[in-house]
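Note that the numbering used here numbers the sequence shown so that position 131 is 131, with each residue one more than the last.
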Amino acid sequence: MLRHLRLTSFRCHSTLELENLGPRVLFVGENGRGKTTILESVSVLARLRSFRTRALRDLTQHGGEGWRVEGAWADEAGPVRLGVVWRGGGRELEVDGRAGTTVDEFWGRALAVIAHGADMEILEGGSAERKSGFDLLMAEIEPARLIELRQLREICKQRSTLLRHPRASREEWEAWTTRLAEVGKILQPARQNLAKVFLPHLQEAHQRLTAGAEKLKVSYQPDDPVPEMGGPRDQLWERERERGVNLTGPQRDDWDFLLGGKSLSRYGSEGQRRSACLAVRLAELALLTQSKQRTPILLLDDALKELDEERRRAFWKGIPAGCQVLYATAHDRPRQGDSWVILEISPTQASFKKG
C-alpha cells in the first residue's frame, strides 16, 4: 500500500504531497488539473516508466530542469521508501534514502497494475505494444528476465546498425545473430510459460465481467527460431543484408486475443474490447498476487466510464482483498457503502472532499 507520495516539478505539480493514503482513494477535479499525473508518478515509482510517454524528460514541469518523485510503500514484503529523480544527465534511483541504486536493486520493490483509457492499444496497437505489456508482467514475476530483455534491445540495435551499413561484415553479423538465438532460447520459453499461467486468470476475470457470455483466449505467437547453421542461416544473411533490417528473433513475437474463436481486434465491438482490456488488468492483479505472495496496488485512470452498472459491479468484485485502489476520474463516484478518501486535485494542492 502506498502511504505517502511527494512530487516535485512533475508535470503540472511544482510541489504536491499526499499523506495517510488509505485503501481506497478517489482523485476528483476538472480535467487538466493533475489527477492522472498522480497515477503517472506512482507508475514511475513502481515500474520506472510512465503510461503516457516513453520519454522521462517529458514529465518535467514547464520551465524546469528536472523532477523528483518519492513514495513510502508497505506491503507483505515490508516497508520501503522509493525515489526517482530525473535531471538533464539522466535518471537516478533511491531506496530507503540510498542514492545510486541500480535498476536491479530497485525493480520489484513496489508492485502496481495500471488500467487507463489507452488500454485499447493492447488490442488495436501493433505487436510492440502487446509484447511490451506482457514482457513487463513477466519481468515483475521473474525479475531475472530483465537481463535478457535488456540484452535483446541491445542486440537488435547492433544488428540494425550493422545491416544498414553498405559493407556489413558477415563475421560480425554471425556474432550478433548467435547472441540473438541464445537470448531467444531463454525469452521465448519464458513468454510461453507466462501465457500458460496467465490464461486461467484472464478467463476467470472475463467470465466475471461478462457473465460468461463468450470465452476470451490469449495465445503467444513466437517467431520461428533463429536458424543455427547451414542453408537457412546463409539465406537469412542474404535476405537481411538485402533489406537492411532484422528479419528474425524474439522481438518479432506477438500475442493474439480471440473472443469466441474470432480475432477480438478485428471483429470485437468496442464494448467487448473494453471488457477484455479490463479483464487483462484483473488477471494481472490476480497473477501477481498469486506468484509474488504480495498485493499490488491498482491505478485506475477513468477506466470504467464506458461500462454499464452491472459490469462495474463485477469489476469491483474482481479486485483482490486488501488491494489498494487509486482512482482518478471526472465522471465516476465510489459505490455506495465503500469507504473512500476523496481528494480534489489542483496543481500544488489536494484537498479533502466529502462524498
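Note that beta-carbon positions come from the ideal geometry of N, C-alpha and C, so glycine has one too.
As the structure is a computational prediction, the values presented were derived from the model and not from experiment.
- Query: Within 10 angstroms of its Cβ, does Y267 collect 16 or more other Cβ (buried), or is it exposed?
  - Reply: exposed
- Message: If you measure between the beta carbons of G244 and R164, is that distance less than 8 Å?
- Response: yes
- Query: Got a sec, what are the start and stop residues for the beta strand (DSSP E) T8 sits in?
  - Reply: 2-10
- Bridge partners - L307, DSSP secondary structure assignment: DSSP output for L307 lists no bridge partner at all.
- Task: Can you tell me which of the three DSSP states K217 falls into?
- Result: The three-state secondary structure of K217, taken from DSSP, is strand.
- Query: Could you give the C-beta distance for V218 and W255, rounded to a whole number, given that I count them as a contact under 8 Å?
  - Reply: Going by Cβ atoms, the distance from V218 to W255 rounds to 6 Å, so yes, they are a contact pair.
- Identity of the residues DSSP links to V28 by a beta bridge: E344
- If we ignore side chains and look at the alpha-carbon of each, how far apart do T102 and A213 end up? 46 Å
- Exposed or buried, what is V28 when buried is set at 16 or more other beta-carbons lying within 10 Å of its beta-carbon? Buried, by the Cβ-count rule.
- Task: List the whole-angstrom C-beta distance separating A314 from R145, where the pair is believed to meet the contact cut-off of C-beta under 8 Å.
- Result: Between R145 and A314 the Cβ distance is about 32 Å, and since that is not below 8 Å, they are no contact.
- Message: Could you compute how far the alpha carbon of Q324 sits from the alpha carbon of R239?
- Response: So the alpha carbons of these two residues sit roughly 51 Å apart.
- Contact the region 287-304 vs the region 220-231: 3+ CB pairs below 8 Å: no
- Query: If you check the beta carbons only, do E121 and T295 fall under 8 Å apart?
  - Reply: no
- Would you mind working out which of W67, E309, S291 sits nearest P143, comparing C-alpha positions? S291
- Query: So the alpha helix (DSSP H) V85 belongs to, where does it begin and stop?
  - Reply: Taken as a continuous stretch (DSSP letters only), V85 belongs to no alpha helix (DSSP H), being part of the beta strand (DSSP E) at 78-87.
- Task: Note down, in chain order, each residue of its chain lying with its Cβ closer than 6 Å to the Cβ of R33, except the 5 sequence neighbours on either side.
- Result: Only I345, S346 meet the Cβ criterion.
- Message: Rounded to whole angstroms, what is the Cα-Cα separation between G230 and E174?
- Response: 12 Å
- Bridge partner(s) assigned by DSSP for F257: V218
- Check whether the Cβ atoms of E30 and A330 lie closer than 8 Å to each other. Yes, the pair counts as a contact, with Cβ atoms nearer than the cut-off.
- Could you pull out every residue in the same chain whose Cβ sits closer than 6 Å to the Cβ of R81, ignoring the five residues on either side in sequence? Only residues of its own chain outside the window of five on either side were considered, and among them A72, D96 have a CB closer than 6 Å to the CB of R81, listed in chain order.
- Just to confirm, are V226 and G22 a CB contact at a threshold of 8 Å? no
- Task: Taking P1 as the reference, give the member of I297, F134, K317, T178 with the closest Cα.
- Result: For the sequence presented, residue 1 should be read as Met rather than Pro. Among I297, F134, K317, T178, the Cα nearest to that of M1 is on I297.
- Query: Are the CB atoms of L162 and E154 nearer to each other than 8 Å?
  - Reply: Their beta carbons are not under 8 Å apart, which means L162 does not touch E154 by this criterion.
- Message: Please identify the residue among S169, T8, R233 whose C-alpha is closest to the C-alpha of R62.
- Response: What sits at residue 62 in the sequence shown is His, not Arg. Measuring from the Cα of H62, the nearest candidate turns out to be T8.
- Buried versus exposed, by CB contacts within 10 Å (16 or more), N246: buried
- Task: Return the residue from the list E310, L285, A328 that minimises the CA-CA distance to G322.
- Result: Closest by C-alpha distance to G322, out of E310, L285, A328, is L285.
- Message: Among L152, H201, R167, L56, whose alpha-carbon lies nearest the alpha-carbon of G184?
- Response: L152
- Rounded straight-line distance, which links the Cα of L123 to that of R130: 8 Å
- Message: Against chain C, does T101 count as a neighbour if the rule is that its beta carbon must be under 8 Å from one of theirs?
- Response: The structure shown contains no chain C; it is built from a single protein chain.
- Confirm, please, whether the CB-CB distance from F134 to R98 is below 8 Å. Against a cut-off of 8 Å, the Cβ pair of F134 and R98 comes out as no contact.
- Message: Using CA atoms only, rank isn't needed, just tell me which of L236, G78, R109, L149 is closest to V42.
- Response: R109
- Pair within 8 Å by beta-carbon distance, Y10 and V69: Here the sequence assigns Phe to residue 10, which means Tyr is not the residue at that position. In contact: F10 and V69 (Cβ atoms closer than 8 Å).
- Residue interval of the alpha helix (DSSP H) (run including T210): 170-210
- Task: Alpha carbon to alpha carbon, how far is Q188 from V44? Give it in angstroms, no decimals.
- Result: 27 Å
- Item | Counted within 10 angstroms of its Cβ, other Cβ atoms place K262 as buried (16 or more) or exposed | In the assembly as shown, K262 is an exposed residue. Its beta-carbon has fewer than 16 other beta-carbons within 10 Å.
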